[in-house]
Structure formats: C-alpha cells, structure tokens
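Below is one structure; the comments refer to it alone.
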Ligand code: C2E
Ligand code: CA
Ligand code: CA
Ligand code: CA
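Residue numbers (full-length UniProt numbering): 598 to 876.
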C-alpha cells in the first residue's frame, strides 16, 4: 500500500479486504464524520536548508473512526471524492487549518504559512473561490499566509477554467503549490502561464536519490527548472540525512519529511512550534 510505511494507519488492502460490511458502511460513516467531530488535522513542518528554520506547515487530514481507529487520507479521500463529500470536508479542512493558524498567532508561535491540500474535485467546484474568501474573512488569516497545494491533474481538464481559478486565487493573495510535481501527465507548458509559487518534488524521486542516478538527475532538473522559472521548490518525503544532503548539494533549499518530523497531532505540533520558534 502507498502508505504502508506509516504503521499508525490501517490499510484496507492488508487488513480490511474481508470486512466488506465495514467497507460498505464507510461512506455512510464518512457522511457523519464531520458532524460527529471525527476528522482531525495533523501538521507537518516545512523547513529551510538548515533543517530547522520553519517556513510553513502542511495540514494533513485523518479520520478518528470510532471502531477502526485512525484512518489515513489514502483510505477515505478517494471515497470522499467519489461521493462528493470532499466538498464539505474540504471546507472544514480549510476553515480548521485557518482557525488553527490564528490560534498559533495568538500564542506567538505561528509558522510563516499554513498549507492545505485541495483535490481536483474541490478545485473544480464552483464554490471554491467563495469558500476561500469567506474563510479568510471570517478567520482573519492574511491571504499570503495561506498556501493551497494542488496537483498537476487540475491542468488536464478545462485548462482555461483552471487558469481563471488559479488567477482568482492568486488575486486574493494566497500562494499556490504544485503537489507531487513530476508524477502527473500534464505538459510542462502550463508552468509558463499558471501563477504558481512553489513546486513540490514528489517523494518517489526523493526516496532512492542516493542510489538511483536517474532520480538524482530528475531532482537536479526540477530544481533548475524551478529556479529558472522563479518558483520555490520543496522536496517532500525526506527521511534521511543522506537525502537531505543530496538535496542541499543540488540547491534544493526547502524540505519536508520524517527526517524533520512526522505529521503531528495539534498538541504535539504546538510543542514543536514552541521549541523551534526563533523570533
Ligand atoms: P500529499 O499531499 O502528497 O502528502 C504527503 C504524504 O506523505 C502524507 O501522507 C505524509 O504523511 C506523507 N509523508 C510526509 N513525510 C514523509 C516521509 O518522510 N516519508 C514518507 N514515506 N511519507 C511521508 P498522508 O498524510 O497519508 O496523506 C496522503 C495524501 O492524502 C496526501 O498526499 C494528499 O494527497 C491527501 N490528503 C491529505 N490530507 C488532505 C486534505 O486535507 N484534503 C485533501 N483533499 N487531500 C488530503
Ligand atoms: Ca500535499
Ligand atoms: Ca505530495
Ligand atoms: Ca501525494
């Protein structure tokens, strides 16, 4: 399974395949998860080349299911997308991350920005712009402190509409990251016209970087592409000092991964913020 490295998560392919009744109930359960307050956001730091200076935090959703325990997004985001539940869940995620950011501010420990994942269906939803504007207004988060992570797949649909949506988000002042960069099938052409701030190098390229010269070449190329086009570049899934040093040598200066910290529940992330707050 994609996230089998993370033992806190139950993986359906391993342990649930035979429990089909549970599976069928899952969509129904998910429908109620919001009202029952079962969803939570964990946060993972994004840091600069020194491995410590915090540049942001990514919100990653988890579902504390009453019987199944902590369920990872890989096991319910696809279901949420199919069923359309991703729209209210996405609204909740955005609002919760923004509220949390303001709590950190009040405590004087806020990271420079908070990143929220936006799936394709959310991105294409006609209410997205209104939702983002409403959440920013209501919570008081400065637009420049909200970063939205989208995947290249938003460029494979109605390109004109995608450009318009990105332009409107950009006009609001939020920043935009391309998640899982290099794994989509879209052309590089969109990089010229889309108002993007950051490319996130997918963790599949990072994983074997010190052993696989092709992955190393891909990373070096993405970094120089980003540099030439004026984008920041974040490497995700950095698990070892070796990977970090390779990235640093290749002038990739922003990192995210277990080597720095796993995604943490709010209480633990607050401790991390206090310990790493330098101002
Ligand atoms: P993603 O946005 O690419 O997030 C990165 C994933 O890699 C996260 O898995 C994170 O926990 C994991 N990760 C971070 N550092 C490391 C590392 O050093 N090694 C390894 N092996 N993994 C690492 P997670 O939390 O299971 O999320 C999986 C995917 O679910 C995310 O991929 C994202 O596409 C989606 N997702 C998560 N939260 C949300 C959300 O609030 N809304 C939406 N729409 N999608 C979400
Ligand atoms: Ca992401
Ligand atoms: Ca990613
Ligand atoms: Ca991913």
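Glycine included, each C-beta is placed from N, C-alpha and C at the ideal position.
Using a Cβ-Cβ cut-off of 6 Å (strictly less than) and excluding sequence neighbours within five positions of residue i, which residues of its own chain qualify?
{"i": "residue 849", "result": "820, 830 and 832"}
{"i": "residue 710", "result": "653, 742 and 744"}
{"i": "residue 866", "result": "640"}
{"i": "residue 688", "result": "728"}
How would you label residue i, buried or exposed, when you count the other beta carbons within 10 angstroms and need 16 or more for buried?
{"i": "residue 664", "result": "exposed"}
{"i": "residue 770", "result": "exposed"}
{"i": "residue 816", "result": "buried"}
{"i": "residue 634", "result": "exposed"}
{"i": "residue 712", "result": "buried"}
{"i": "residue 824", "result": "exposed"}
{"i": "residue 784", "result": "exposed"}
{"i": "residue 659", "result": "buried"}
{"i": "residue 776", "result": "buried"}
{"i": "residue 636", "result": "buried"}
{"i": "residue 864", "result": "exposed"}
{"i": "residue 838", "result": "exposed"}
{"i": "residue 662", "result": "buried"}
{"i": "residue 846", "result": "exposed"}
Which residues in the same chain have their Cβ closer than 7 Å to the Cβ of residue i, if we skip the five residues on either side of it in sequence?
{"i": "residue 812", "result": "802, 805 and 806"}
{"i": "residue 788", "result": "826"}
{"i": "residue 871", "result": "706"}
{"i": "residue 854", "result": "833, 834, 835 and 836"}
{"i": "residue 656", "result": "638, 640, 690, 694, 711, 712 and 713"}
Excluding the five sequence neighbours on either side, which residues of its own chain have a C-beta within less than 8 Å of the C-beta of residue i, listed in chain order?
{"i": "residue 879", "result": "The question about residue 879 has no answer here: the residues shown for the chain are numbered 598 through 876."}
What residue range is occupied by the uninterrupted alpha helix (DSSP H) comprising residue i?
{"i": "residue 636", "result": "It is not in any alpha helix (DSSP H) - residue 636 instead sits in the beta strand (DSSP E) that spans 636-645."}
{"i": "residue 870", "result": "863-873"}
Please report whether the beta-carbon of residue i lies at a distance below 8 Å from any beta-carbon of chain B.
{"i": "residue 626", "result": "Going by chain labels, chain B is absent from the structure shown, which holds only one protein chain."}
Beta carbon of residue i: closer than 7 Å to some heavy atom of ligand 5?
{"i": "residue 780", "result": "Looking for ligand 5 in the displayed structure turns up nothing; the ligands present are ligand 1, ligand 2, ligand 3 and ligand 4."}
Where the beta carbon is closer than 7 Å to any heavy atom of ligand 2, which residues qualify, in chain order?
655, 712, 714, 746, 776 and 797
Would you mind listing the beta strand (DSSP E) stretches within the region 657-719 that are 3+ residues and don't spill past its ends, in chain order?
666-668 and 711-714
What are the complete alpha helix (DSSP H) segments, minimum 4 residues, inside the region 776-846?
787-790, 800-804, 810-826 and 838-846
Every unbroken beta strand (DSSP E) within the region 734-773, with a cutoff of 3 residues, ordered by chain
743-748
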